[in-house]
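A.B. asks:
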Amino acid sequence: MQGDAAVAASCRHHLWEAELAALLQSLLNQSPKQSRPLSSWLRELLPLAHILEASDRAAVQSALSAQKRLFLSSSPENPDLAASGDELRDADAIAALPADRHGWPLRLIALPATALQDLEADAAADDVLEAEVVSPSPGSALSRSDIPQAPLRPPVSRFNQPGTDNRDFFVAGEGVVEETLACFQMLTKLMKLPFRRDAIERVLRDQLRRGQTPTLRLCGQIAAGLGLHVSGAKVAARMGLRLQTPTLVPWGDAFALAVRSDQRGLVLASPSQGFVELDAEQLDTAFPEGIDLLLLDRTSTTPEQTFGPSWFWPALKRYRGVLIQVLTASFVVQLFTLANPLLIQVIIDKVISQRSLDTLQVLGFALVAVTLLEGVLGSLKTYLFSETTNRIDQRLGAEVIDHLLRLPLGYFDRRPVGELGSRISELEKIRNFLTGQALTTVLDAAFSLIYIVVMLIYSWLLTLIALAVLPIQVGLTLLGAPLFRRQYRKAAEANASTQSHLVEVLTGIQTVKSQNVEMISRWTWQERYGKYISRSFEKTITGTALSQTSQVLQKISQLLVLWVGATLVLSGDLTLGQLIAFRIISGYVTQPLLRLSSIWQTIQELRVSFERLADVIDTPQESDDQDKAKVPLPPIEGAVSFDNLSFGFSPGTPPVLHDVSLQIKAGTFVGIVGQSGSGKSTLMKLLPRLYSPDQGRILIDGYDIDKVELYSLRRQIGIVPQDPLLFSGNVNENIALTQPDASSEEIVLAAKVACAHDFIMELPAGYSTPVGERGASLSGGQRQRIAIARTLLANPKLLVMDEATSALDYETERKVCDNLIQALHDCTVFFITHRLSTVRRADLIVVMHQGAVVEQGTHDELMDRRGRYYALYRQQEAS
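Each residue of the sequence shown is one higher than the one before, counting from 574 in the working numbering.
#1: Kindly give me the distance between the Cβ atoms of I1305 and Y1340, rounded to whole angstroms, as I take these residues to be in contact under 8 Å.
#2: Using 9 Å as the limit for Cβ to Cβ distance, is L867 near chain C?
#3: Could you spell out where the beta strand (DSSP E) holding V835 opens and where it closes?
#4: So L841 and A829 are supposed to be a Cβ contact under 8 Å. How far apart are they, rounded?
#5: Roughly how many whole angstroms lie between the Cα atoms of E854 and G863?
#6: Please state whether DSSP places E1282 in a helix, a strand or coil.
#7: For V1085, I'd like the list of residues in its chain whose CB is within less than 8 Å of its CB, leaving aside the five on either flank, ordered along the chain.
#8: Would H1398 be called buried (16 or more neighbouring beta carbons within 10 Å of its own) or exposed?
#9: Measure the alpha-carbon distance for L977 versus K890 and round it to whole angstroms.
#10: Judging by CA-CA distance, which residue of Q967, E1178, G1247 and D1017 is the nearest neighbour of E1066?
#11: Please classify T1175 as buried or exposed, where buried requires at least 16 other C-beta atoms within 10 Å of its C-beta.
#12: Got a sec? Which residues, its chain only, sit under 8 Å from R1439 by beta carbon, not counting five neighbours each side?
#13: Among the candidates R1101, A1039 and L1218, whose CA atom is the shortest distance from the CA of V1137?
#14: So what does DSSP say about L1263, is it helix, strand or coil?
#15: If you measure between the beta carbons of S1109 and V1134, is that distance less than 9 Å?
#16: On the three-state DSSP scale, how would you describe Q1268?
#17: For the putative contact between K1002 and A1064, defined by C-beta atoms under 8 Å, what is the C-beta separation to the nearest angstrom?
#18: Run the CB neighbour count on L593, radius 10 Å, all protein chains shown included, and call it buried at 16 or more, exposed below.
#19: Is the stretch 1029-1047 touching the stretch 1213-1230, taking contact as three or more C-beta pairs under 8 Å?
#20: Could you check what DSSP says for L1022 in three-state terms: helix, strand or coil?
#21: State the Cα-Cα distance for the pair V1281 and T1401, rounded to the nearest angstrom.
#22: Quick one: what does DSSP say P728 is sitting in, helix, strand or coil?
#23: Since R680 is in the alpha helix (DSSP H), which residue starts that stretch and which ends it?
#24: Any idea which residues DSSP pairs S1159 with across the strands?
#25: Please confirm if the stretch 889-905 is in contact with the stretch 821-828, defined as three or more CB-CB distances below 8 Å between the two stretches.
#26: Q1236: which of G1250, T1050 and Q1429 sits nearest, CA to CA?
#27: Is K1253 buried or exposed, if buried means 16 or more other CB atoms sit within 10 Å of its CB?
#28: Residues in its own chain within less than 7 Å of M759 by CB, not counting five upstream and five downstream?
#29: For Y1442, count neighbouring C-beta atoms within 10 Å of its own C-beta (all shown protein chains included) and say buried if the count is 16 or more, exposed if not.
#30: Where does V1426 sit, in a helix, a strand or coil, going by DSSP?
#31: Between the C-alpha atoms of A1315 and Q1289, what's the straight-line distance to the nearest angstrom?
#32: In this structure, does DSSP put G1252 in helix, strand or coil?
#33: If we ignore side chains and look at the alpha-carbon of each, how far apart do R782 and V1181 end up?
#34: With DSSP as the reference, please indicate the residues paired to I1245 in a beta bridge.
#35: Opposite D1017 in the DSSP bridges: which residues?
#36: Ignore the nearest five residues each way along the sequence and tell me which others in V1326's own chain have a CB closer than 6 Å to its CB.
Here it is, written out as C-alpha cells:
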C-alpha cells in the first residue's frame, strides 16, 4: 500500500538485530547447550548477513551459488508454503512464494553456510558459559547499561514465546503507579512468579517523591529484582507483529504488557484501557519512532511461585483424622441445633393448645438433654480443634523459620529486621483463618442448604423474604472488598515500618543514648505509629460500615419475616409454632450471612498476608535441591585459589571487586590490608558463598566451591566477624555454641589461644558468668575474644578473621595474632586488619585498593618495593 512505501523501501536493506537473533536462537535451540553466547554469534554474523527480496530471482540464485543459506524472514500469505525462520534450500521453493504480504516485501536472510556450520557445531557443546543478551539497535532509547542483565544464567526461553488467549490474568489500574503495579502483577501471573507488591510500590512511589515518573529503565531494574533476565531493545513498529511475549512497552503515560504478537496483530494488556489490539497500520500510528521494549525471560534461577493456600495442605493432611473427627462432631452439634426449634414448635402447637402437662415434661427433659449433649460435643470439638491447630501452628512456624534462616544473605541486606518480623507474624493470621473461620464457613454453607430446605417446607414465601437480602449483601461486600484490601495493605506496611524503627532503636539503644537522640527517636516512632493508627482507622471505618449495613439488612429481613408470617398465622396458612420455628431456623441461615462481610474482610486481609509472607516463602533458599545433590566437599587441606573474581552487590551498581586473582597454599597465614572500602571483607564473604561472584571462581584444594554442597563447605570454614554476636547465656555456652559436646579442657584451650581465659577467670562466675543479651555485659574486645575462641573450638582448616581484633589494644591484638600463627600452623588463616604491624609475621600479605589486589608478598618484600604497603606502613608508624 502507498502509505507503507517508505517502510517497504527501508525493509529492502535494513536488518534488525532482534530479527536475526530470533533466527539464531531457533538454530541454537536444536540443542539446549552451547559453548558461546548468542550475543557473541550475533556480533559475528550480523556483518555477514544481508537481506534479499524473494522476487529478485537473480540475487537469490547468486546467493545459493555462493554457498549461502536462505531463511524466511517474514511469513507469506499462504501458511502452507513456509513459516518465519524456515530455511529455503532451492530456487523452486523460493519461486513459489508470493512477492509481498500486506504491503511488506517478502524478505529472506542470507547467511554464509560455513559460519552456520560453526554455529550448529557450537550448539552441541556441553557447557553454557554466559547468558544470551541481545543489545538494542543503534539509536535506541535504551542501552545495555540502562537495564541490569541479571541474573547471569542462560535464559530458559527467549524468543517466539506464544501469546495467550486466556484473559483471566488481567488487572485493572488507574494512574501511573497503579498501572505499573498492575503490569507487574499481570507479568507475575503469566510467568508464575512471586508478586512483591509492597516492595515494587515502594520503589515506584520513591521515584515519584523525587519528582520523576517511572521509566522503562526503572521497570527493568524491578524485573531483574524479580529474578528475570532483562534486556532492552528498540525495534521498528512493524516488528510488533513478531515480538516475544510477555514484553513490557511504554503505553500512554504508563506501560502495557504485550501478551500476543503474531500476523494478526499485537495485543496489549493496558491496565487503564483493557485489551488493545493493534494491526500493522495501527502500529505505525501508535509507535511512529519504533517500539522501546523490555525483553523478559525466566532463567534457571528465577524463583517459582510456590506459596499459597496449597502450601498449608500437607500440614492439614497430616492431621486429617482429627479434623474429620472435628467435622463429625460439628455435624452432630448442628443436628442437635436443628432439633431445638422443632421441639419448640411441638410445645407451642401441641402441648400448650391441648394443655398436656405430661407431654410438656417429656419435651422439657428432651430440650435439656439436647442442650447438654450439644454443650458436651461442642466442648469436645473445641478441645480437639485447639490441640490440632496448635500442632499445625508449631509445624508451620518451624517450616517458615527454617526457610527464613536458609535464605541468602542478600535477602536480609535488603530488608529491615522489624519488617521481616511483621511478615512472619502474618502466618498466624493465615493459620487462624484456615483452621478456624474457614472451617466454620464450610460448615455454615453446608448446613445452610439443609436449613433452607426445611424453611421451604414451612413456607416458600417466607423463605424468599428471608433470603432476599442475600444478593444485596453479597454485592455490597464485593464492591467494598478492593477498598478494604487496599486500606489493609497500607496499614500492614505502616505497621512494618513502625516495628522496624522500634527494633532499630532498641538494638542500638547505646548509640541512641550516647548521641542524645532519644527525643528524635521517639518523634520518628510517633510519626510512623501515627500513620499506622490513621491507616488502621480508615480500615476500621470501612469494615464497620460494611458490617453495620449487613446488620441493618438482616434486621429488615427479620421484621419482614415476622410481619408476613403473622399475616399467614392469622389467615390460618401457618401455625404460631411453625412461625416461631421458622424464625429460629432462618436465624441459623441469616447469622452466617451476617458474618459474610466480616469473613470477606478477613479474606481481603489474607490476600495481603499471603503476598507479604510469600516474599519469604517464594524466595529460593541458598541451598536448593540442585545444590544438595552436588558432591560434598571432602576434608580440606586449605589451599585456596581466587581466579579472576569480579563482584557487585546488585545489578547496575559499580562492582566492588575487579578481576581479583590469588593463589594461597595450604597452611599459609595471610594478612589482608588496605583502606576502608577496598573490598577486603567482601572478598572473604565470597569464600563461604555468602555471596556469589559475578565472574570468576574460587577453588579450595582444586574444588570449585560453586560445584560442591553448600553446608559441607561452610562446616570447614570458620569466620569471626568484626562485630560478633553473643547469645543470651553464659560464657561457656557461647564458646561451645557450635560444639556443645566439647570438654572443659577444650573450651579453656580455645579461650587461652584467643587471650580470653584470663579476663574470663576475673568475671564473677568465671565461665558460668551470663553475658547478657547480645553480650551486653561485656566490652567489645571481650566479645571479640569469646567469638574467636568459639570459632577455634570448631577446629576449622580455613579461618577468616574479618577485623575480628579491631576492638583490642595493640599488645593484645599482637598476642592473639602470634597465638594464631603458632596454634594454627597447619591451618590456612585470612587475617584482615588495619594495623599493618600486626601482620608483620604473616607468610603472605595482600594489599587491596579499590576492589583490586595491587601488591602481595612478605613484609620485607613489600617494604623493599616501596609501593602502597610501604606508604601505609610508614604512615601508621609515624602516627
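Just so you know, even glycine gets a beta-carbon here, dropped at the ideal spot from N, CA and C.
C.D. replies: For this structure:
#1: Here residue 1305 refers to the residue found at position 732 of the sequence shown. Here residue 1340 refers to the residue found at position 767 of the sequence shown. The sequence given here has Asn at residue 1305, not Ile. Right, their Cβ atoms sit about 4 Å apart.
#2: Absent from the structure: chain C. Only one protein chain is present.
#3: Position 262 of the sequence shown, counting from 1, holds the residue named residue 835. Strictly speaking, residue 835 in this sequence is Asp, with Val absent from that position. Its beta strand (DSSP E) spans residues A827 to D835.
#4: Indexing the sequence shown from 1 puts residue 841 at position 268. Indexing the sequence shown from 1 puts residue 829 at position 256. Yes, they are in contact, since the Cβ atoms of L841 and A829 sit about 4 Å apart, within 8 Å.
#5: Locating residue 854 in the sequence shown gives position 281, where the first residue counts as 1. Locating residue 863 in the sequence shown gives position 290, where the first residue counts as 1. The alpha-carbon atoms of E854 and G863 are separated by roughly 13 Å.
#6: Counting from 1 along the sequence shown, the entry for residue 1282 is found at position 709. Coil.
#7: Position 512 of the sequence shown, counted from the start, is the residue given in the question as residue 1085. V1078, E1091 and S1094, listed in sequence order.
#8: The residue given as residue 1398 occupies position 825 in the sequence shown. Exposed: under 16 other Cβ atoms inside 10 Å.
#9: As a working note, residue 977 is residue 404 in the sequence shown. As a working note, residue 890 is residue 317 in the sequence shown. Each residue's Cα considered, the two are about 23 Å apart.
#10: On the sequence shown, residue 1066 is found 493 positions in, with the first residue counted as 1. Ranking the options by Cα distance to E1066, first place goes to E1178.
#11: On the sequence shown, position 602 is the one that residue 1175 refers to. Burial call: buried.
#12: As a working note, residue 1439 is residue 866 in the sequence shown. Excluding sequence neighbours, R1439 sits near nothing in its chain.
#13: On the sequence shown, residue 1137 is found 564 positions in, with the first residue counted as 1. It is A1039.
#14: In the sequence shown, counting from the first residue as 1, residue 1263 sits at position 690. Note: L1263 maps to coil in three-state DSSP.
#15: Taking the first residue of the sequence shown as 1, we reach residue 1109 at position 536. Taking the first residue of the sequence shown as 1, we reach residue 1134 at position 561. No, these two residues do not count as a Cβ contact at 9 Å.
#16: As a working mapping, residue 1268 is identified with position 695 in the sequence shown. Three-state DSSP puts Q1268 in a strand.
#17: Residue 1002 sits at position 429 when you count from the first residue of the sequence shown. Residue 1064 sits at position 491 when you count from the first residue of the sequence shown. The pair is not a contact, with the Cβ atoms about 13 Å apart (cut-off 8 Å).
#18: Looking up residue 593 in the sequence shown gives position 20. Its Cβ being crowded by 16 or more others within 10 Å, L593 is buried.
#19: no
#20: Mapped onto the sequence shown, residue 1022 falls at position 449. In the structure shown, L1022 sits in a helix (DSSP, three-state: H, G or I).
#21: The residue you call residue 1281 lines up with position 708 of the sequence shown. The residue you call residue 1401 lines up with position 828 of the sequence shown. Computed Cα separation, rounded: 19 Å.
#22: The sequence position of residue 728 within the sequence shown is 155, counting from 1. In this prediction, P728 scores a pLDDT of 37, lower than 50, which makes its location untrustworthy; no coordinate-derived value is stated.
#23: The count along the sequence shown starts at 1 and reaches residue 680 at position 107. From DSSP, R680 is part of no alpha helix (DSSP H) but of the beta strand (DSSP E) over R680 to P685.
#24: The count along the sequence shown starts at 1 and reaches residue 1159 at position 586. BP columns for S1159 are empty, so no partner.
#25: no
#26: Within the sequence shown, the letter at position 663 stands for residue 1236. Ranking the options by Cα distance to Q1236, first place goes to Q1429.
#27: Indexing the sequence shown from 1 puts residue 1253 at position 680. The residue in question, K1253, is buried, as its Cβ has 16 or more Cβ neighbours within 10 Å.
#28: The residue labelled residue 759 in the question sits at position 186 within the sequence shown. Once the five neighbours on either side are set aside, the close Cβ partners of M759 are F742, F743, V744, L830 and A842.
#29: Position 869 of the sequence shown holds residue 1442. Under this definition Y1442 is a buried residue.
#30: Translated into the one-based positions of the sequence shown, residue 1426 becomes position 853. V1426: strand per DSSP, three-state reduction.
#31: Start at 1 with the first residue of the sequence shown, and residue 1315 comes out as number 742. Start at 1 with the first residue of the sequence shown, and residue 1289 comes out as number 716. Answer to the nearest angstrom: the Cα atoms are 17 Å apart.
#32: Reading the sequence shown from its first residue, position 679 is the one you call residue 1252. In the structure shown, G1252 sits in coil (DSSP, three-state: anything other than H, G, I, E or B).
#33: For the purposes of this step, residue 782 is identified with residue 209 of the sequence shown, where counting begins at 1. For the purposes of this step, residue 1181 is identified with residue 608 of the sequence shown, where counting begins at 1. In a straight line, the C-alpha of R782 is about 24 Å away from that of V1181.
#34: Mapped onto the sequence shown, residue 1245 falls at position 672. Answer by DSSP bridge pairing, in chain order: I1405 and V1419.
#35: As a working note, residue 1017 is residue 444 in the sequence shown. Per DSSP, none; premise fails for D1017.
#36: By 1-based counting over the sequence shown, the position of residue 1326 is 753. Within the same chain, V1326 has close Cβ partners L1365, N1392 and A1396.
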